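There are 2 protein chains.
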Amino acid sequence: MEQCQEKILHMSQVKRAVDNIPDANTLQSMTDTFKALSDPSRLKIVTALSTCELCVCDLAAVCGSSESAVSHQLRILRNLKIVRYRREGKIVFYRLDDDHVKSLISQSLQHVKE
Amino acid sequence: MEQCQEKILHMSQVKRAVDNIPDANTLQSMTDTFKALSDPSRLKIVTALSTCELCVCDLAAVCGSSESAVSHQLRILRNLKIVRYRREGKIVFYRLDDDHVKSLISQSLQHVKE
DNA sequence: TTGACATATGAACAATTGATCATATATTAG
DNA sequence: CTAATATATGATCAATTGTTCATATGTCAA
């Protein structure tokens, strides 16, 4: 191990690679975003919302899970600014927060379809 | 709950949303891809590899973790076709498998920078 | 062949996570 | 106000996951 640390094969590339890694906070936010999309229930919610806004009740029907479970997942997505919501009376409508999320979905779709 | 299932607020949207959700296998592959990027160690590896190819030894140095740990993570990334490798004597060089991964990284970076 | 080095893998353990159930909050109707 | 409905949240528990350590494999040099 020691030896290996000392004779890194491509020092300049390693340096460049290290410089290219985002700072710890940014990296953490990025992994949080990916983690949010790494659960089938949440990905279902997000892909569903990529067509139009939906309320919690509808999302539960779409995902085939309980409203409580959906609500828990929505909180995670909300905290990560992946979804926004607006209240209309008793109903809360959710939609995607920005277009980057749509991009993430479509890129991953293309990736797995190869 | 029963009641809610029966009076879905926007039936046509729900139908459209359901139709837009990829089939189970595709969805699983997508979540696997996101999961792969949802770990700080693996995201470090991937962002490092987005600059140039690197060997396991270098990646360990870049990530500040053991070569064993890196190797374990690389296997996961390999299985998901996120990275490729080529062997040159004793050294194994890793690089990103395709450009979709780069896109995923840059999109998530833009997302968190807002 | 043997020894050294780079990488890979298996097992085990600690930490994280998603679902469930019960309960709480928010809004409207009456 | 109270009742009903839609959503949110807290606690618990089972399942999953990343790291570590030990060991195995693969490659080259002598």
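Order-wise, the sequence lines are chains C and V. Heads up: the first sequence at position 33 corresponds to 22 in the numbering used here, and the numbers run straight through without jumps. Heads up: the second sequence at position 76 corresponds to 65 in the numbering used here, and the numbers run straight through without jumps. Beta carbons: idealized from backbone N, C-alpha and C, even for Gly. These numbers come from a predicted model, not from an experiment.
Problem - Beta-carbon gap between L69 of chain V and P29 of chain C smaller than 8 Å - result: Position 80 of the second sequence, counted from the start, is the residue given in the question as residue 69 of chain V. Position 40 of the first sequence, counted from the start, is the residue given in the question as residue 29 of chain C. In this structure, P29 of chain C does not lie closer than 8 Å to L69 of chain V by Cβ.
Exercise for the section: Name, please, each residue of chain C whose Cβ falls closer than 7 Å to the Cβ of A58 of chain V. Expected result: Position 69 of the second sequence, counted from the first residue, corresponds to residue 58 of chain V. Residues of chain C passing the Cβ test: none, with the nearest at roughly 12 Å.
Practice task
Could you check the C-alpha separation between V59 of chain V and R76 of chain C for me, to the nearest Å?
Solution key: Within the second sequence, numbered from 1, the residue matching residue 59 of chain V stands at position 70. Within the first sequence, numbered from 1, the residue matching residue 76 of chain C stands at position 87. For the pair V59 of chain V and R76 of chain C, the Cα-to-Cα distance works out to about 46 Å.
Practice task
Compare the C-alpha of R31 of chain V against each of V:V81, V:C52, V:V101, V:R5 and name the closest.
Solution key: Taking the first residue of the second sequence as position 1, residue 31 of chain V is located at position 42. For R31 of chain V, the nearest C-alpha among the options comes from V:C52.
Practice task
Step through the CB atoms of chain V and report whether any lies within less than 8 Å of the CB of S27 of chain C.
Solution key: In the first sequence, counting from the first residue as 1, residue 27 of chain C sits at position 38. So, interface residue.
Problem - H89 of chain V, buried or exposed, once every other Cβ within 10 Å from all chains shown has been counted against 16 - result: Within the second sequence, numbered from 1, the residue matching residue 89 of chain V stands at position 100. Its Cβ being crowded by 16 or more others within 10 Å, H89 of chain V is buried.
Handout entry: Pairwise C-alpha distance: R73 of chain V and D86 of chain V
Key = Counting from one through the second sequence, the residue named residue 86 of chain V turns up at place 97. Counting from one through the second sequence, the residue named residue 73 of chain V turns up at place 84. So the alpha carbons of these two residues sit roughly 5 Å apart.
Problem - Distance, E56 of chain V Cα to I71 of chain C Cα - result: Counting from one through the first sequence, the residue named residue 71 of chain C turns up at place 82. Counting from one through the second sequence, the residue named residue 56 of chain V turns up at place 67. Going from the Cα of I71 of chain C to the Cα of E56 of chain V covers about 34 Å.
Problem - Buried versus exposed, by CB contacts within 10 Å (16 or more), I80 of chain C - result: In the first sequence, residue 80 of chain C corresponds to position 91, counting from 1. Per the 10 Å Cβ criterion, exposed.
Practice task
With distances taken Cα to Cα, identify the nearest neighbour of F82 of chain V among V:K33, V:L63, V:L98, V:T20.
Solution key: Sequence index remark: in the second sequence, residue 82 of chain V carries index 93 (1-based). Nearest of V:K33, V:L63, V:L98, V:T20 to F82 of chain V, Cα basis: V:L63.
Exercise for the section: Could you tell me whether the region 40 to 54 of chain V touches the region 2 to 21 of chain C, using the rule of 3 or more Cβ pairs below 8 Å? Expected result: yes
Handout entry: Closest Cα partner of R67 of chain V within the set V:D12, V:H(-1), V:L38, V:V101
Key = Indexing the second sequence from 1 puts residue 67 of chain V at position 78. The candidate whose alpha carbon is nearest that of R67 of chain V is V:L38.
Practice task
Can you grab the Cα-Cα spacing for the pair E103 of chain V / S18 of chain C, in whole Å?
Solution key: On the second sequence, position 114 is the one that residue 103 of chain V refers to. On the first sequence, position 29 is the one that residue 18 of chain C refers to. Cα to Cα, E103 of chain V sits roughly 11 Å from S18 of chain C.
Practice task
Look at the Cβ atom of S27 of chain V, then the Cβ atom of T36 of chain C, and state whether they are nearer than 8 Å.
Solution key: Translated into positions along the second sequence, residue 27 of chain V becomes position 38. Translated into positions along the first sequence, residue 36 of chain C becomes position 47. No, these two residues do not count as a Cβ contact at 8 Å.
Handout entry: First and last residue of the uninterrupted alpha helix (DSSP H) at H80 of chain C
Key = On the first sequence, residue 80 of chain C is found 91 positions in, with the first residue counted as 1. Checking the sequence shown, residue 80 of chain C turns out to be Ile, not His. Annotation for I80 of chain C: no alpha helix (DSSP H) segment contains it, though the beta strand (DSSP E) segment containing it runs 80 to 85.
Handout entry: Inter-residue spacing [alpha-carbon to alpha-carbon] between S54 of chain C and L93 of chain C
Key = Translated into the one-based positions of the first sequence, residue 54 of chain C becomes position 65. Translated into the one-based positions of the first sequence, residue 93 of chain C becomes position 104. Their Cα atoms are separated by approximately 24 Å.
Practice task
For L43 of chain C, name the three-state secondary structure that DSSP assigns.
Solution key: Residue 43 of chain C sits at position 54 when you count from the first residue of the first sequence. Three-state DSSP puts L43 of chain C in a strand.
Handout entry: Within-8 Å CB hit, L98 of chain V to chain C
Key = Within the second sequence, numbered from 1, the residue matching residue 98 of chain V stands at position 109. Interface criterion met: the Cβ of L98 of chain V is under 8 Å from a Cβ in chain C.
Exercise for the section: For A91 of chain V, I'd like the list of residues in its chain whose CB is within less than 8 Å of its CB, leaving aside the five on either flank, ordered along the chain. Expected result: Working through the second sequence from its first residue, we reach residue 91 of chain V at position 102. The question names Ala, yet the displayed sequence has Lys at residue 91 of chain V. S39, L85, listed in sequence order.
Handout entry: Straight-line Cα distance separating N9 of chain C from A25 of chain C
Key = Walking along the first sequence from the start, residue 25 of chain C turns up at place 36. Walking along the first sequence from the start, residue 9 of chain C turns up at place 20. Taking the straight line joining both Cα atoms gives about 24 Å.
Exercise for the section: Go to E77 of chain V, then tell me how far its alpha helix (DSSP H) extends in each direction, as first and last residue. Expected result: Here residue 77 of chain V refers to the residue found at position 88 when the second sequence is read from its first residue. No alpha helix (DSSP H) holds E77 of chain V; the beta strand (DSSP E) holding it covers 72 to 77.
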